[in-house]
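For the sequence shown, the working numbering gives the first residue as 21, with consecutive numbering after it.
No residue lacks a Cβ here, since even glycine has one placed at the ideal position from N, Cα and C.
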Amino acid sequence: MKLASVAFRAPSRIVTNDEILAMIREHSGDIYDGKIDRMLHEVKVFLEKSGLVQRHWLNGSESPIGLLSAAIAEALEKAALAASDVDLVIYGGVDRGFVEPGDSYLIAHATGLRNAKCFDVIDACNSWMRAVYIASNLIRSGEVKNALVVNAEFSMRERGYINPHAFRVQKTSDLHFLFPSYTLGEGATATVLQKSADVREPMSFQFSSRPDLAELCVMPTEGFRGRCVPTEKMDECRPHRFSSFGADLFREAVPEMEKLVRAAKVEHDAVKAIFTHSATHKSWVKGFEGFGLSDKMFSIYPEFGNIAAASIPAAIATAMQRGVVATGDALLACVASAGMSFSLCKFTL
21 MKLASVAFRA PSRIVTNDEI LAMIREHSGD IYDGKIDRML HEVKVFLEKS
71 GLVQRHWLNG SESPIGLLSA AIAEALEKAA LAASDVDLVI YGGVDRGFVE
121 PGDSYLIAHA TGLRNAKCFD VIDACNSWMR AVYIASNLIR SGEVKNALVV
171 NAEFSMRERG YINPHAFRVQ KTSDLHFLFP SYTLGEGATA TVLQKSADVR
221 EPMSFQFSSR PDLAELCVMP TEGFRGRCVP TEKMDECRPH RFSSFGADLF
271 REAVPEMEKL VRAAKVEHDA VKAIFTHSAT HKSWVKGFEG FGLSDKMFSI
321 YPEFGNIAAA SIPAAIATAM QRGVVATGDA LLACVASAGM SFSLCKFTL
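Following this line, the structure appears as structure tokens:
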């Protein structure tokens, strides 16, 4: 089994940190209970401290299905496959257009993947890793030959679950759960996994979960209160509104990810590059410094922001395009996600 190709499409609109500050000012000017310039300075400092410079959002003429279709076409071409060769499509992403039947079905229909079995995988920003894990095992079992894992993370649309409500700050303490929204970027990815006779190291995965931390990052739907135990944080949630306590997430993520990295016994000279969930840059660097691996990190966060479950495949595709990694290189992927859900994957291109 091999990872045959990865393709990434980012939308063309570049949004700077200053534009984020302008949006907060626009939507908070008449409701903020303090000195707004001081609050905006605090947001600016946090953004810069995280390592973020810009992110990409859709412009008026672009669409998620348009960018995803382009990514799929590129991934299939690189893998020397026709659409009819794909026998499995998994949608593994946070943002979605359908609860039923699932985005994978609509995507397969739109892109001519008529022979593919379809289903979606939901595990927040860990969805791509879970989907690749499932696909790789189906290939090893002989049930699948050519699998396509896709996602389309486009959450910053107007009147969505983030924009504009996350830019309406009433008091400084709101930033505790609103700030992660300001780091979000957008993009679509397509990953082809194939049955192969090549002699190479198989993809190896490690996963762990902390369901006791689920309330730290949520996006509830209608009726959610009847599906969870009431807590102080959950009581503050609203349907179709993204809420993420970023500082708490990172504090909890560090020891959990350290366990996975330690268990993987990653040697410095045995890995060409490390890709991470692009929720931050500097926190990942600090975490890998303890293992002497920070120089191996390839981060797209400064340029693309947090693109949720598209983070890992987007980073792989970008690194390949820029000549940072190539076929035959040993790589490492790490994700810390809402849930909380953690994963690590060792693989060879």
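Nonlocal neighbours in the same chain, by C-beta distance under 7 Å from residue i, ignoring five residues either side
i      : result
Ser314 : Val305, Phe308
Asp198 : The residue you asked about is not Asp; residue 198 is Leu in the sequence shown. Correct list, in chain order: Ala186, Val189.
Ile56  : Arg45, Ser48, Gly49
Ala290 : Ala350
Gly137 : The residue you asked about is not Gly; residue 137 is Lys in the sequence shown. Same-chain partners within the cutoff: Asp107, Leu108.
Arg160 : Met21
Leu233 : Glu272, Met360
Range of the contiguous alpha helix (DSSP H) that encloses residue i
i      : result
Asn157 : 147 to 161
Asn37  : 37 to 48
Ala99  : Run containing Ala99: none; DSSP gives neither H nor E here.
Tyr321 : 321 to 324
Thr192 : No alpha helix (DSSP H) holds Thr192; DSSP gives it neither H nor E.
Leu126 : 123 to 130
Phe308 : 302 to 309
Lys253 : 252 to 255
Ser25  : First-last for Ser25: 22 to 29, but that is the beta strand (DSSP E), not the alpha helix (DSSP H).
Whole-number beta carbon distance between residue j and residue i, since they are thought to touch under 8 Å
i      : j      : result
Glu173 : Gly113 : 6 Å
Ala24  : Leu158 : So it is not a contact: roughly 15 Å between Cβ atoms.
Val170 : Ala155 : Incorrect: roughly 11 Å between the Cβ atoms, too far for contact.
Val106 : Ser124 : Not a contact, Cβ separation roughly 11 Å.
Gln226 : Ala293 : Contact flag wrong, Cβ pair sits at about 18 Å.
Glu276 : Ala208 : Not a contact, Cβ separation roughly 29 Å.
Tyr111 : Ile127 : 6 Å
Extent of the continuous beta strand (DSSP E) run through residue i
i      : result
Ser229 : 224 to 229
Thr209 : 207 to 214
Phe265 : It is not in any beta strand (DSSP E) - Phe265 carries neither H nor E in the DSSP assignment.
His76  : 74 to 77
Val169 : 166 to 173
Lys64  : Note, Lys64: premise wrong, no beta strand (DSSP E); alpha helix (DSSP H) at 56 to 70.
Ser104 : Note, Ser104: premise wrong, no beta strand (DSSP E); not H, not E.
Thr296 : 293 to 296
Thr368 : 361 to 368
Ala335 : First-last for Ala335: 331 to 341, but that is the alpha helix (DSSP H), not the beta strand (DSSP E).
Phe139 : 137 to 141
Leu352 : 350 to 357
Contact set for residue i: own chain, Cβ-Cβ below 8 Å, skip 5 residues either direction
i      : result
Ser229 : Gly359, Met360, Ser361, Phe362
Arg177 : Leu78, Asn183
Residue i CB to nearest heavy atom of the ligand PLP below 6 Å
i      : result
Cys237 : Although the ligand PLP was asked about, the structure shown includes no ligands whatsoever.
Residues of its chain near residue i, where Cβ-Cβ distance is below 6 Å and the 5 sequence neighbours each way are ignored
i      : result
Lys98  : Ser25
Leu133 : Ala103, Val106, Val109
Test: residue i CB closer than 7 Å to a CB of chain C
i      : result
Ala346 : Structure shown: chain C not included; a single protein chain is present.
Mind the definition here: the stretch 67 to 75 touches the stretch 33 to 41 only if three or more C-beta pairs lie below 8 Å; say whether that holds.
-> yes
So, do the stretch 77 to 94 and the stretch 142 to 158 have three or more beta carbon pairs nearer to each other than 8 Å?
-> no
Any chance the stretch 326 to 335 sits against the stretch 116 to 125, with 3 or more Cβ pairs inside 8 Å?
-> no
Three-pair Cβ contact test at 8 Å for the stretch 318 to 326 versus the stretch 294 to 301 = yes
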